[in-house]
Structures are given as C-alpha cells and as structure tokens.
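Notes follow the structure.
In full-length UniProt numbering, the protein residues as written are 1 to 149.
As structure tokens, then:
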C-alpha cells in the first residue's frame, strides 16, 4: 500500500531506541557518540533522561535538544498544564550551598538576596559561588527576592 503525502502516518518518524513510528519525538543526545537521537516521549525518554528535560544526572551523556512534531498530524508538542505547574514549582529558587551539590543547567538559586541561574552543569565549591564564577552563573534580572520562597 502506498501512502499519499497527505496521510499523516506517512510523515511519522521512528524512535531511534524502540523503532516505533511517532508523531511527536524528543531530540536529545543519550550516549558518548554525541549524535542527536529522536526519542519517543514515553518510556524511552523516561529511561534516558530520568523524566526531566535537563536530565536527572543519572545519564551523564543526556542532553535535551527540543521537540519534533509531525506537522501533518493533528498533535501538539506542548506540555500539559499540570506538567508546566510541576516544572514551575521545581524551578523555584533554593538556597545556594558549596557543600558538594550538583547544579544543572537552568537551576535557580538564591545567593546573597539575588536569584541566579546556572549556565552549565557543575559541582559546587566555595570558589564557584554565583557572584564569582560568571561562566557558571548568571543573575536572573527578571526574578525578585520574593521568588526565593
């Protein structure tokens, strides 16, 4: 059977892990090859990322690269409202510490009354305080001290 180009199923892409054709995939790196993979947003993505866009640290090679959606299908690649709310709560700034804490990209911390955003995943130390390590941190100008909780 030949599928016409108007058929949404003809434009699906396969998950590079399980091979299932999908209308929505997550682009990410998952191993030491640094190749971009298209991963289905179900179990495959949970397995490689820990269920977190920026990874949970369990896979050192994981890197999020955005969403792909089949524009011929009636689907959305937007996050459901409950996921957005959970993500917003998780992104509330917490107090910065130099006691061997792992900070990942986009973590928000409260340091000396200011909110800072992590630029690069790293382990904390007193030499990498947000006001000293500009390669690792940037001040969040949009945040207010009340965002600190």
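Virtual Cβ for every residue (Gly too), placed ideally from N, Cα, C.
Here the structure is a predicted model, which is why all the values come from computation and not from measurement.
By the Cβ neighbour-count rule, residue 60 is exposed, with fewer than 16 other Cβ atoms within 10 Å of its own. Taking C-beta atoms as the reference points, residue 49 and residue 55 count as a pair closer than 8 Å.
The three-state reading of DSSP puts residue 11 in helix, counting H, G and I together. Residue burial is scored here from C-beta neighbours: residue 124 has at least 16 other C-beta atoms within 10 angstroms and is therefore classed as buried. Secondary structure at residue 96: coil, using DSSP grouped into helix, strand and coil. Residues of the same chain with a CB within less than 7 Å of the CB of residue 16, apart from the 5 flanking positions on each side, are 37, 38 and 39 in chain order. Residue burial is scored here from C-beta neighbours: residue 134 has fewer than 16 other C-beta atoms within 10 angstroms and is therefore classed as exposed. Each residue's CA atom was taken as its position, placing residue 102 and residue 18 some 31 Å apart.
Counting only residues of its own chain and dropping the five nearest sequence neighbours on each side, residue 58 has a CB closer than 7 Å to the CB of 50.
Our two residues, residue 62 and residue 14, have alpha carbons roughly 19 Å apart in a direct line. For the 8 Å CB-CB criterion, residue 121 and residue 105 form a contact. Taking the C-beta atoms as reference points, residue 108 is found nearer than 8 Å to residue 140. Between residue 47 and residue 136, the alpha-carbon positions lie close to 28 Å from each other.
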